[in-house]
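Undergrad: Protein chains in written order, with the numbering used here: chain H, 361 to 721; chain U, 819 to 1128; chain F, 3 to 508. We put the CB at the ideal spot given by N, CA and C, even for glycine. To start, I am sharing the structure in question, which I have written as structure tokens.
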């Protein structure tokens, strides 16, 4: 029988190696899944992980897509990781993403067709505030009434989706759209659009923001007192209280930051790649970002890499759907599996596995 | 707008149908949490149960087999969570989220060929003349078997937790797993069984949505019911009878807002649709604001990782 | 008379440490047998093997001459072996009867069980109400629940792990009478302790463990306490010392401090008043769970008090949180080392930052000075002889004694005006304990006002200038420690509460 033995100090090797191991295990299990679906597992894995970047036929289209898909994932995951480290579970980033997008787009649409340099910056601020507002609901309910932030933030996603539907069909509907749902296309309104900054790279302001967030959170966690307090609170709330950490301030900071970043991600998406407010412009980035945060081990650099990998599975998934007829849902299951394997092999970093007699457990 | 179109008797009867999935899932989660485990994967287990039940019911043309398959599907999925959290000692919050994300993907995959199909009908139980009693008949004696099973389950969970040794051991494990271990109880085994019970209940609840309530299969059709079930466990302060009240309250709001939509009330459809979620949040706030009671009723080991160090 | 339990060559190894190495001894029916040893000597592992919680790597046991290999506690209980745990195996939210039922194989119906509990508890002088919630009971009452749970199963061997640490001296007397009565009825008792006087009064035989090995066995009644101490520790220990000194001005003044406990099963502080002077050690005794944690929180600033209830040199500081108090040199070291005083998974460097950030100037404009923090951590390790491969190691990798030296050293090096320590030597080996006590006395000699909260009365008598006791959240008026008798101390701690001597007839 296998037996777990707690390591005196967490293993550095396994801390770094577990995400790689998890990805490999997921590829194997995913391959099996694709085989059951009647697809060639090797072709499927290659189509998802290799072709988007290196197949000459597709790479010119899909390489820029990598940044487009990864940017919002990284931006949201960075925000989530701060809270997750402190034991504050914002799982409603999807809702904050939607509200950020609605607020930002709302400002842009309200000012249409004015032409001014400040419109886009104003939209960015509105997007950040929208995400912040939506995240402050679970935060304030937690600090004032100790309401569980997991449930509140998640339930607010459904509320946000209804608001989105209402906006897309009502207030923000394009008056010149011939009655079709959806707003004006912001990409055709230069003052309010988030354009591709360098042609052919997919780079837009959201990607820039994501990189800044990675660097800022790295500095925060490793060099700043606040980052230390976040880590301390997550590991040992009582020790944090003893060290003078104000738990309520930390809740507001962590949820607020993740709300702002998710809101920004939403704004950059709706003003850029998505272009318009429509019922289903959100693609579940807020949920996938949870996987990204864990896959990156809640570490900024790790999240950067994990975000790129996860972005790749989105593009690769589309490609596999197009090339092999692999259902879109298969990629969703694949991503969920990845999180499972990651959490499962995580045991290696804190425990040694011994083979031998079992204790009475 | 025509509010008179809303018949209170039909409302109550349909309220019971609307509540049953959440009631089942919440009862299962209550048992899991009483054993000290927080499984946030209810949504994932429900949707998996929904498709498992739907697929088997369609293939065999037998809804009863569908429900059994749904319970098995939910239990198997929850077993993954059980192994993750109890054997591999993963974080329960993260593993529960993983279960939900995986369940949503898996169910969508499994349901590829079942979109737009009508499942075999589940018939209401025949109570003969009882169903003809005015008022009581349509409210109490006009439902399918699962509604009555869910009500019986409320009583069973309550009685087992309160009066039996099994219930005592389950509560002990959730209250202080180290002490239970020191007395020689198999903490891990008991918890895994509780988790699987929770999975089976959630699966059954999910299948109720796809086979009776809607009845058809669409991706993500549970639409947050699993999360609401989690909220109802908190609302109920871990008491089975209050879970019943919570679930029926929620079902009532859902049915009422649907009726208001149908009656053409001058509130946009979207705002009516979000009302159940908003009211759930409101109820959560009210419950958690009462500090002393919430703290005393929550199982003390809830969500903590158990590792027998000796 | 046949031997009740015979232990032959039991060995159990954990990674990096042999907890029990070829341990052998035997217990006769009705014998009160002491298992004596320091923290970490392997007593707990040994009794866990007897109780079926841990399986030995090697060696065998016989009970009544029959091979005895309990696979789990259930089997041990069925064979007539019962155990009272040091850290109670009780469930706070359940009532007394439910707790007892959980420790029995085939409990009777709840109503019958309640009647049996009343009967047995009266009989042995340990009154208990079966319907009370265990979380609301005092430490002494909780121990009674454990004892009654064992007695209801008519054990042949009763294992007691450090049972007196939660009792007042008067309650200890009564417990001993109960144990003698049990022994007279033929129940053998395996009594685990490091308290020598207790063992000398109670036990018929003793086995002494050191570093996992049996080093000696004796009849404790024929040995002096210092002889027993030497057998247990292996060397002679010098008691801590300091020159006589007159205490200076009043530094900390606590007046009518009442604070409600944050924990639903905690003890609220009621109307506590005392003062501490420069260079003085105030010892606060009392059974665990009588408000020690709450008092420390109120002094550290984790729980805020009415502003005037706590004063430093006349300035009100009750409203200050932990960090403002650190600014004015009011420092504390809580009882729980892992998870309160230190974060288990963080390195010693990070743990040095935990309380040292302010007074050591380790933070500038919110940014951390890691090199300076490392130097601070290393100086704690060096000056307080903390045994660890390096400051980068996680706190949880240290032994209890070494981590405690680190935690105390971290505060001492910050030059406190007031230092409050809760249970400074709990679960710490004798040499580390001696070093910690000496460092506390040295600090006082340099003018710091020190408050030591402890369950260990011997320790308090050794180092305190004045003594007070916590009982149900109230503090007795402090009295000079010198010349206090155990009787007086016991009364300050609340006497025997409602325990009574075991009835003579069985």
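Could you check if residue 601 (chain H) is buried or exposed, using at least 16 other CB atoms within 10 Å of its CB as the buried criterion?
TA: Within the first chain, residue 601 (chain H) is the residue found at index 241, counting from 1. The residue is buried, with at least 16 neighbouring Cβ atoms inside 10 Å.
Undergrad: Helix, strand or coil for residue 33 (chain F)? Go by DSSP, reduced to three states.
TA: Along the third chain, one-based indexing puts residue 33 (chain F) at 31. In the structure shown, residue 33 (chain F) sits in coil (DSSP, three-state: anything other than H, G, I, E or B).
Undergrad: Return the chain-ordered list of same chain residues with a C-beta closer than 8 Å to the C-beta of residue 387 (chain F), the five sequence neighbours on each side being excluded.
TA: The residue given as residue 387 (chain F) occupies position 385 in the third chain. The residues are 407, 437.
Undergrad: If contact is defined by three or more beta carbon pairs under 8 Å, each pair taking one atom from either stretch, is the segment 841-849 of chain U in contact with the segment 1052-1064 of chain U?
TA: yes
Undergrad: In the DSSP assignment, find the unbroken beta strand (DSSP E) run with residue 284 (chain F) in it and report its ends.
TA: The residue you call residue 284 (chain F) lines up with position 282 of the third chain. Residue 284 (chain F) -> beta strand (DSSP E) spans 283-287.
Undergrad: Identify the contact partners of residue 449 (chain H) in chain U, using a Cβ-Cβ distance below 7 Å as the criterion.
TA: Position 89 of the first chain holds residue 449 (chain H). The answer, in chain order, is 911.
Undergrad: So is residue 995 (chain U) buried or exposed if we call it buried at 16+ other beta carbons inside 10 Å?
TA: For the purposes of this step, residue 995 (chain U) is identified with residue 177 of the second chain, where counting begins at 1. Result: buried.
Undergrad: With a 10 Å radius around its C-beta and 16 neighbouring C-beta atoms as the bar for buried, classify residue 484 (chain F) as buried or exposed.
TA: Mapped onto the third chain, residue 484 (chain F) falls at position 482. Residue 484 (chain F) is exposed by the Cβ-count criterion.
Undergrad: Within 8 Å of any Cβ in chain F, is that where the Cβ of residue 851 (chain U) sits?
TA: Walking along the second chain from the start, residue 851 (chain U) turns up at place 33. No, no contact with chain F.
Undergrad: Using beta carbons (cut-off 8 Å, strictly below), is residue 290 (chain F) in contact with chain U?
TA: As a working mapping, residue 290 (chain F) is identified with position 288 in the third chain. Not one chain U Cβ lies under 8 Å of residue 290 (chain F).
Undergrad: With 16 other CB atoms within 10 Å as the buried threshold, where does residue 551 (chain F) fall?
TA: Nothing about residue 551 (chain F) can be reported from this structure: the residues present for chain F run from 3 to 508 only.
Undergrad: With a cut-off of 8 Å on the beta carbons, I'd call residue 425 (chain H) and residue 675 (chain H) a contact; round off their distance for me.
TA: The count along the first chain starts at 1 and reaches residue 425 (chain H) at position 65. The count along the first chain starts at 1 and reaches residue 675 (chain H) at position 315. Taking C-beta atoms under 8 Å as the contact rule, residue 425 (chain H) and residue 675 (chain H) qualify, at a distance of about 5 Å.
Undergrad: In three-state terms, what does DSSP make of residue 419 (chain F)?
TA: Locating residue 419 (chain F) in the third chain gives position 417, where the first residue counts as 1. Correct three-state label for residue 419 (chain F): coil.
Undergrad: Starting from the C-beta of residue 560 (chain H), find all residues in its chain whose C-beta is less than 7 Å away, skip the five residues before and the five after it, and write them out in chain order.
TA: In the first chain, the residue the question calls residue 560 (chain H) occupies position 200. Same-chain partners within the cutoff: 424.
Undergrad: Spatial neighbours of residue 102 (chain F) within its chain, please: CB distance less than 8 Å, with the 5 preceding and 5 following residues excluded, ordered by chain position.
TA: Mapped onto the third chain, residue 102 (chain F) falls at position 100. Excluding sequence positions up to five before and after residue 102 (chain F), its CB lies within less than 8 Å of the CB of 109, 115, 119, 132, 147, 150, 151, 154, all in the same chain and listed in chain order.
Undergrad: Is the CB-CB distance between residue 190 (chain F) and residue 258 (chain F) below 8 Å?
TA: Translated into the one-based positions of the third chain, residue 190 (chain F) becomes position 188. Translated into the one-based positions of the third chain, residue 258 (chain F) becomes position 256. No, they are not a contact pair.
Undergrad: By how many angstroms is the C-alpha of residue 167 (chain F) removed from the C-alpha of residue 174 (chain F)?
TA: The count along the third chain starts at 1 and reaches residue 174 (chain F) at position 172. The count along the third chain starts at 1 and reaches residue 167 (chain F) at position 165. Residue 174 (chain F) and residue 167 (chain F): Cα-Cα distance of roughly 9 Å.
Undergrad: Just to make sure I have the definition right: I need the residues of chain H whose C-beta is within less than 7 Å of the C-beta of residue 17 (chain F). Which are they?
TA: Residue mapping note: residue 17 (chain F) aligns to position 15 of the third chain, counting from 1. Per Cβ cutoff of 7 Å: 365.
Undergrad: Distance check for residue 943 (chain U) and residue 954 (chain U), CA to CA, integer angstroms please.
TA: Along the second chain, one-based indexing puts residue 954 (chain U) at 136. Along the second chain, one-based indexing puts residue 943 (chain U) at 125. So the alpha carbons of these two residues sit roughly 15 Å apart.
Undergrad: Whole angstroms is fine: what's the gap from residue 993 (chain U)'s alpha carbon to residue 1122 (chain U)'s?
TA: Within the second chain, the letter at position 175 stands for residue 993 (chain U). Within the second chain, the letter at position 304 stands for residue 1122 (chain U). Their backbone Cα atoms lie some 11 Å apart in a straight line.
Undergrad: Grab me the residues of residue 83 (chain F)'s own chain with a C-beta within less than 6 Å of its C-beta, minus the 5 sequence neighbours each way, in chain order.
TA: For the purposes of this step, residue 83 (chain F) is taken as the residue at position 81 of the third chain. Taken in chain order, the residues that qualify are 159.
Undergrad: Name the chain H residues whose beta carbon is nearer than 8 Å to that of residue 342 (chain F)?
TA: Along the third chain, read from residue 1 onward, the residue named residue 342 (chain F) stands at position 340. Those within 8 Å of residue 342 (chain F) in chain H are 596, 598, 599, 602.
Undergrad: List the endpoints of the continuous alpha helix (DSSP H) containing residue 193 (chain F).
TA: In the third chain, counting from the first residue as 1, residue 193 (chain F) sits at position 191. No alpha helix (DSSP H) contains residue 193 (chain F), which is instead part of the beta strand (DSSP E) from 190-195.
Undergrad: Using the three-state DSSP reduction, which class does residue 66 (chain F) fall into: helix, strand or coil?
TA: Translated into the one-based positions of the third chain, residue 66 (chain F) becomes position 64. Correct three-state label for residue 66 (chain F): coil.
Undergrad: Taking the straight line between their C-alpha atoms, what separation do you get for residue 653 (chain H) and residue 920 (chain U)?
TA: As a first step, residue 653 (chain H) is located in the first chain; it is residue number 293 there, counting from the start. As a first step, residue 920 (chain U) is located in the second chain; it is residue number 102 there, counting from the start. If I take the Cα positions, the gap works out to 16 Å.
Undergrad: Would you identify the three-state DSSP class for residue 159 (chain F), choosing helix, strand or coil?
TA: Walking along the third chain from the start, residue 159 (chain F) turns up at place 157. Strand, per DSSP.
Undergrad: In three-state terms, what does DSSP make of residue 839 (chain U)?
TA: Position 21 of the second chain, counting from 1, holds the residue named residue 839 (chain U). Residue 839 (chain U) falls in the helix class under three-state DSSP.
Undergrad: Would residue 75 (chain F) count as contacting chain U if we go by Cβ distances under 8 Å?
TA: To locate residue 75 (chain F), count along the third chain from 1; it is residue 73. At least one chain U Cβ lies under 8 Å of residue 75 (chain F).
Undergrad: Going along chain H in order, which residues have a C-beta closer than 9 Å to the C-beta of residue 347 (chain F)?
TA: Within the third chain, residue 347 (chain F) is the residue found at index 345, counting from 1. Within 9 Å Cβ-Cβ: 369, 370, 595, 596, 710.
Undergrad: Consult DSSP for residue 369 (chain F) and reduce its assignment to one of helix, strand or coil.
TA: As a working note, residue 369 (chain F) is residue 367 in the third chain. Three-state result, residue 369 (chain F): strand.
Undergrad: Is it true that the CB of residue 136 (chain F) sits closer than 8 Å to the CB of residue 96 (chain F)?
TA: The sequence position of residue 96 (chain F) within the third chain is 94, counting from 1. The sequence position of residue 136 (chain F) within the third chain is 134, counting from 1. Yes; because the gap between Cβ atoms is below 8 Å, this pair is in contact.
Undergrad: Taking 6 Å as the limit between beta carbons, can you name the residues of its chain near residue 832 (chain U), skipping five residues before and five after?
TA: Translated into positions along the second chain, residue 832 (chain U) becomes position 14. Closer than 6 Å at the Cβ level, and outside the excluded window around residue 832 (chain U), lie 1073.
Undergrad: Against chain F, does residue 588 (chain H) count as a neighbour if the rule is that its beta carbon must be under 8 Å from one of theirs?
TA: Taking the first residue of the first chain as 1, we reach residue 588 (chain H) at position 228. Cβ-Cβ to chain F under 8 Å: yes for residue 588 (chain H).
Undergrad: Please name the residue, chosen from H:697, H:704, H:492, that lies closest to residue 388 (chain H) on a Cα-to-Cα basis.
TA: Against the first chain, residue 388 (chain H) aligns to sequence position 28. In terms of CA proximity to residue 388 (chain H), H:697 leads the group H:697, H:704, H:492.
Undergrad: Give, in chain order, every residue of the segment 293-327 of chain F whose Cβ lies closer than 7 Å to some Cβ of chain H.
TA: Under the 7 Å Cβ criterion, the segment 293-327 of chain F contributes 302, 304, 323, 324, 325.
Undergrad: What residue from H:390, H:370, H:375 has the CA that sits closest to residue 692 (chain H)'s CA?
TA: In the first chain, residue 692 (chain H) corresponds to position 332, counting from 1. The candidate whose alpha carbon is nearest that of residue 692 (chain H) is H:390.
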